[in-house]
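Rendered as structure tokens:
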């Protein structure tokens, strides 16, 4: 593995933040539920891929792979942990919103 590219990581974080802030146009609002489901599915897949990458890097380091360094493994594990915790918070908010909606009287 090569050294960690901080500028690339920051660029990815900025692009994800920009995508999260983007407002759908009037034409896109008709398919809002499909768009939300797709966005949620992609986020879950991204968290899963991050966790798989971190696990693979940790396994490679444990097996003594010379191309894997400890710092990269630790960063990958922390990224996986943070992404999982963020996804968990999103899930908690969705469950809370669902419960609030279901408790509303018509």
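Residue numbers (the numbering used here): 129 to 234. Backbone N, C-alpha and C fix where the C-beta goes; we use that ideal spot for every residue, glycine too.
_Among the candidates 229, 232, 179, 189, whose CA atom is the shortest distance from the CA of residue 215?_
Locating residue 215 in the chain shown gives position 87, where the first residue counts as 1. Comparing Cα positions, the closest option is 179.
*Whole-Å CB distance - residue 189 paired with residue 196, under 8 Å assumed*: On the chain shown, position 61 is the one that residue 189 refers to. On the chain shown, position 68 is the one that residue 196 refers to. With a Cβ gap of about 5 Å, residue 189 and residue 196 count as contacting.
*Quick one: grab the DSSP three-state call for residue 177.*
Looking up residue 177 in the chain shown gives position 49. Reduced to three states, the DSSP call for residue 177 is helix.
*Which stretch, first to last residue, makes up the alpha helix (DSSP H) that contains residue 205?*
Sequence index remark: in the chain shown, residue 205 carries index 77 (1-based). Counting along the chain, the alpha helix (DSSP H) containing residue 205 begins and ends at 198 to 230.
*the region 205 to 221 in contact with the region 168 to 177 per 3-pair CB rule at 8 Å*: Verdict: yes, contact present.
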